[in-house]
DNA sequence: CGTGTAAGGAATTCTGACACG
DNA sequence: CGTGTAAGGAATTCTGACACG
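Chains as they are written, first to last, in the working numbering: chain A, 1 to 99; chain B, 100 to 198.
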C-alpha cells in the first residue's frame, strides 16, 4: 500500500538503519520473525515496516526473550486482534453499534 | 524526514519501480536532475521522492523536452516558490496577515 | 540459542567508452 | 541528445558450515 510497506531496501541498508548485523537479520528471518521479499536474483528486500519490526525484535532480545517467545507473543497479539474484530462485527450485526 | 525522503533504494529496484533503464537513471543524474546518495562502497541510494521525480522526468522526456529544458523549468518553479515565500513573509511582517 | 566468521560463488553496481542518430 | 551495450572491476549478498557457549 504505502511507501512504508514497499519492500525495496537491501539487507546492508537495513543493517545500517537498525544497527543489527546482517547475520542477525537473516537469523530472525530463519526464526520466522521477519519476511522479506526476494528479487529475481535472490537478494532480500525489506520495507520500512520491516525495519521497525526488526528494531522491536532487537529490543525484546535485549530484554532476554528468545525468538520463540517473541514469535508466540506476536501470535497471541494477532489472535486477540482477530477475536476483537469478530466481536465488533457481531455486535454491529446484532445491534448496529457504530464505531 | 519521512520515509519518503530516506535514501535507501538501490538503482536496480528504482529501475523496477519506474520502468526506466539503469542507464537512463544514471544519465538523468549526470544531467543534474536527480541526486542520489552513495554508500561507503560507492553504490547509489534513492528515496521514494526520487522515484516520483524520475517518473515526472520520464514523462517530460516523452513529451519531447530535453533534460536542459526540464532543468530550467525546475529552476524557474523553485525561484517562483522562493519569491512567493518572501512576499508572504513581508506581507505578514507589515500587516500581520495570517496564513 | 544467538551470533561471528571464513569460504566460494552469484547477483548487483560502478565507470569510461564506443555506437547510433 | 538520449540511450544501448560490452568490458573489467569492485561492492554486495547468498548459502551452508564451523565455532562458542
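Ideal Cβ placement from N, Cα and C applies to all residues, glycine included.
Note that the structure is predicted; figures quoted are calculated from it, not measured.
Taking 7 Å as the threshold (C-beta atoms), are residue j and residue i in contact?
i                      : j                      : result
residue 135 of chain B : residue 127 of chain B : no
residue 110 of chain B : residue 124 of chain B : yes
residue 153 of chain B : residue 112 of chain B : no
residue 9 of chain A   : residue 107 of chain B : yes
residue 148 of chain B : residue 103 of chain B : yes
residue 70 of chain A  : residue 85 of chain A  : no
Report the neighbours of residue i on chain A: residues whose CB is nearer than 8 Å to its CB, in chain order.
i                      : result
residue 103 of chain B : 3
Name the residue from the options whose alpha carbon lies nearest to the alpha carbon of residue i.
i                      : options                       : result
residue 130 of chain B : B:142, B:139 and B:156        : B:156
residue 151 of chain B : B:182, B:165, B:188 and B:115 : B:115
residue 161 of chain B : B:100, B:190 and B:119        : B:119
residue 38 of chain A  : A:68, A:6 and A:72            : A:6
At a threshold of 6 Å, does residue i count as lining the ligand ADP (C-beta to nearest heavy atom)?
i                      : result
residue 173 of chain B : The model on display carries no ligand, and the ligand ADP is accordingly not part of it.
*Could you name the residues of the segment 138-152 of chain B whose beta carbon sits closer than 8 Å to any beta carbon of chain A, in the order they occur along the chain?*
138, 144 and 147
_Please identify, using Cβ separations under 9 Å, the residues of the segment 109-127 of chain B that lie next to chain A, in order along the chain._
109, 111, 112, 113, 115 and 116
_Ranges of the alpha helix (DSSP H) found wholly within the segment 4-63 of chain A, counting only runs of at least 4_ = 11-18, 22-30 and 48-62
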